[in-house]
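Colleague: Chains as they are written, first to last, in full-length UniProt numbering: chain L, 1 to 213; chain D, 1 to 213.
Beta carbons: idealized from backbone N, C-alpha and C, even for Gly.
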DNA sequence: GAGGCTAGTGACAGCCACTGACAATTGACA
DNA sequence: TGTCAATTGTCAGTGGCTGTCACTAGCCTC
C-alpha cells in the first residue's frame, strides 16, 4: 500500500475534534489569558461538552504543551543522531540549532508556527505555565543526560558529568528563551541568534576572572 | 527599650494560629501526601474555619514553601556578603555551603530542621510542587544574576555572563538536590558533600573531550 | 472602665477545574 | 440490517479558592 492507509471515519472525526479543541483553546488563551479562559468557553466555541475536553486533554495545561512535547521529542532524536565522536556540548548545541531551523515543518503539522511562538511567550508570562514548563524541562534533561551518557559510554549514576553537562547547557538555553520572550522580536531568526550568543558565553563565564581591565 | 517590644496579644494569637496551621499542614502532607490532604483536614486539626487558612496562606502550596523562602533570602544575603574580589562562581559556591552549614539556626526558628528536610523530599517527589519549586528557583536566579552583575560592575541586560553564570551554577545545584532527595541518606552532611562533588564537576565537564583513555 | 474602632474570624454562597458513573449515540463490521 | 464497541453527553459530586457579611474580641481613647 503506497498511501498510508487512510484512517476510518471515526478516527478522522476524532482528529478533527482534538484539532478544533486545541485551536480554540490556544486562541482563547492568547486572546484573553490562560487563567481567565474557562474550559466551558473552549468547549462552547467548539460545541462539545466539557467532559469531552477532558477526554482529549488531561487538563487545560496539556493543551498548552501539546506542540511543545512534539518539539521536545524531535530535539532528543536530533541529539541521538549527532555523530558519536562529536563532543557532548557540541552535539547538544548543533541539535538545538537544527530544531530551531526545522521549526516550521515539525510544528506546522499541528498548529501554525506563529501560534506556537506566541504560545511560548504566553508560557513565559504565566507563572503556573512557566512552572510546568520548567518541570517538563527537568524531565527532558534527565532523558538527555541518559543519551549523552550512552554516547560517551558512561554510567549516568556514577559519573556526574552527563547530568552536569546537560544542566549547564539547558540552563543557558533557558536564559535565552526567557530573554527572547521578553523582547520585541518574535522572529525565529532572533531566537536562533540569541541562542548562539548565550551558548558562546558559557565557557568564558567559567573563567576565574571576568574583568579584562 | 532593650527587649524587642513584646507584640500585643492580638499579634501573638495570630502568630500561634499561623504556626499551628503550618505544622498541621506539613505533618499531614508528609503523612499522607500533598494531593491527598485537603485544606479542610488541615483546618479541622487546628480547629479553625477553612476561610482562615486562606487568610494566612495564598494556597496549599504557600504553606509548603514557607520555610524555603526564608532559606532563599538568607542565601541571597550570603552572596551579597561575600568579599567583592572573590570570583563570581566561587562566591556562589561559598554562600551555598554557608547556608547548608547554618541550616539549623535559620530554619529551626520556624519549623524543626528535620521537618524541613522531609519537606524538601516531598517537593521533589510531587510533580506539582516540583514545578512550583523550579519556578521559584528561576526567580531566585534572576535576583542572583543582578547581585553578581552588581559585584562585577556589569549591566545584567547587556552582558550574558551574570545570568549564564547563575544558570550554570544553579543547574548543577539542582542536579545535586534531586539526587540527594532520591537517595537514602537524609543527613545535612550528605547533601553538603554531594554539593561539593557536583560543583567540582562543572569545569571538567566543559572540557572538549571527556575520554581520558 | 465604658464605649467605640477595627483586625481577625466564621458561616455561607459561589466559581471553576476535574472525575466517576451511566445512558445515548454513532461508526464499524459481519 | 443488526450487533458490538467506541465516543460522547448528562449529571452529580469533590476540592481549591474567593467574595461577602455579620460578629467577636483585642485595642485605644476619653
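Please list, in chain order, the residues of the stretch 80-98 of chain L that have any C-beta partner in chain D closer than 9 Å.
Modeller: The stretch 80-98 of chain L vs chain D, Cβ under 9 Å: 87, 88, 89, 90.
Colleague: Which residue marks the beginning of the alpha helix (DSSP H) containing residue 69 of chain D, and which one marks its end?
Modeller: 66-81
Colleague: For a contact meaning CB atoms closer than 7 Å, what does residue 198 of chain D contact in chain L?
Modeller: 160, 164
Colleague: Fully enclosed by the stretch 92-117 of chain D, which alpha helix (DSSP H) runs are 4 residues long or longer?
Modeller: Runs of alpha helix (DSSP H) with 4 or more residues, each lying fully within the stretch 92-117 of chain D, are found at 103-108, listed in chain order.
Colleague: Check for me: the alpha helix (DSSP H) holding residue 34 of chain L runs from which residue to which?
Modeller: Neither: residue 34 of chain L is in no alpha helix (DSSP H) and is coded neither H nor E.
Colleague: With three or more beta-carbon pairs closer than 8 Å as the criterion, would you say the stretch 99-118 of chain L touches the stretch 92-112 of chain D?
Modeller: no
Colleague: Tell me, please, whether the CB atom of residue 2 of chain D is closer than 8 Å to any CB atom in chain L?
Modeller: Caution applies to residue 2 of chain D, whose pLDDT of 38 falls short of 50 and renders its modelled position unreliable; the model cannot decide the point.
Colleague: Starting from residue 144 of chain D and walking both ways along the alpha helix (DSSP H), at which residues does that stretch end?
Modeller: Per DSSP, residue 144 of chain D belongs to the alpha helix (DSSP H) from 127-152.
Colleague: Return the CA-CA distance between residue 58 of chain L and residue 207 of chain D, expressed in angstroms with no decimal places.
Modeller: Their Cα atoms are separated by approximately 42 Å.
Colleague: Report yes or no: is there a C-beta of chain L within less than 8 Å of the C-beta of residue 174 of chain D?
Modeller: yes
Colleague: When you compare the CB positions of residue 180 of chain D and residue 194 of chain D, do they come within less than 8 Å of one another, or not?
Modeller: Result yes, Cβ atoms of residue 180 of chain D and residue 194 of chain D sit closer than 8 Å.
Colleague: Exposed or buried, residue 171 of chain L, counting other C-beta atoms within 10 Å across all chains shown (16 or more means buried)?
Modeller: buried
Colleague: For the stretch 129-141 of chain L, list every residue whose C-beta sits within 7 Å of some C-beta in chain D, in sequence order.
Modeller: 130, 131, 132, 134, 135, 138
Colleague: Please check the pair residue 92 of chain D and residue 76 of chain D, which I expect to be a contact at CB under 8 Å, by giving their CB distance rounded to whole angstroms.
Modeller: Residue 92 of chain D to residue 76 of chain D, Cβ: 11 Å. No contact.
Colleague: Would residue 89 of chain L pass as a contact of residue 145 of chain L if the rule is Cβ separation under 8 Å?
Modeller: no
Colleague: Step through the CB atoms of chain D and report whether any lies within less than 8 Å of the CB of residue 170 of chain L.
Modeller: yes
Colleague: Applying a beta-carbon distance threshold of less than 7 Å, which residues of chain L neighbour residue 205 of chain D?
Modeller: 161, 164, 165, 168
Colleague: Using a Cβ cut-off of 8 Å, pull out every chain D residue sitting near residue 180 of chain L, in sequence order please.
Modeller: In chain order: nothing, as chain D lies at least about 13 Å away.
Colleague: Could you check if residue 158 of chain L is buried or exposed, using at least 16 other CB atoms within 10 Å of its CB as the buried criterion?
Modeller: exposed
Colleague: Can you round the beta-carbon distance between residue 30 of chain L and residue 118 of chain L to whole angstroms, since I take them to be within the 8 Å contact cut?
Modeller: In this structure residue 30 of chain L is in contact with residue 118 of chain L, their Cβ atoms being roughly 5 Å apart against a cut-off of 8 Å.
Colleague: I'd like to check one pair, residue 74 of chain L with residue 39 of chain L: are the Cβ atoms closer than 8 Å?
Modeller: no
Colleague: When DSSP labels each residue in this structure, what does residue 180 of chain D get in the three-state scheme?
Modeller: helix
Colleague: Should residue 195 of chain L be flagged as near chain D, meaning a C-beta pair shorter than 8 Å?
Modeller: no
Colleague: Would a C-beta distance cut-off of 8 Å place residue 24 of chain L and residue 46 of chain L closer than the cut-off?
Modeller: yes
Colleague: So, for residue 163 of chain L: in the same chain, excluding its five sequence neighbours on each side, which residues have a beta-carbon less than 7 Å away from its beta-carbon?
Modeller: 145, 156
Colleague: Please state whether DSSP places residue 14 of chain L in a helix, a strand or coil.
Modeller: helix
Colleague: For the alpha helix (DSSP H) containing residue 195 of chain D, list its first residue and its last residue.
Modeller: Its alpha helix (DSSP H) spans residues 188-200.
Colleague: Grab the span of the alpha helix (DSSP H) containing residue 54 of chain L for me, first residue to last.
Modeller: 50-56
Colleague: Measure the Cβ-Cβ separation of residue 34 of chain L and residue 130 of chain L and say whether it is below 8 Å.
Modeller: The answer is no: Cβ separation not under 8 Å.
Colleague: Interface residues of chain D around residue 236 of chain L at Cβ under 9 Å?
Modeller: What is shown of chain L runs 1 to 213, which leaves residue 236 of chain L out entirely.
Colleague: For residue 156 of chain L, name the three-state secondary structure that DSSP assigns.
Modeller: coil
Colleague: With DSSP run on the structure shown, which of helix, strand or coil describes residue 239 of chain L?
Modeller: The first residue shown for chain L is 1 and the last is 213, placing residue 239 of chain L beyond what the model contains.
Colleague: Quick check on residue 6 of chain L: does DSSP put it in helix, strand or coil?
Modeller: coil
Colleague: Using a Cβ-Cβ distance cut-off of 8 Å, determine whether residue 64 of chain L contacts chain D.
Modeller: By this cut-off, residue 64 of chain L is not an interface position.
Colleague: Taking buried to mean at least 16 other C-beta atoms within 10 Å of its own C-beta, is residue 60 of chain L buried or exposed?
Modeller: buried
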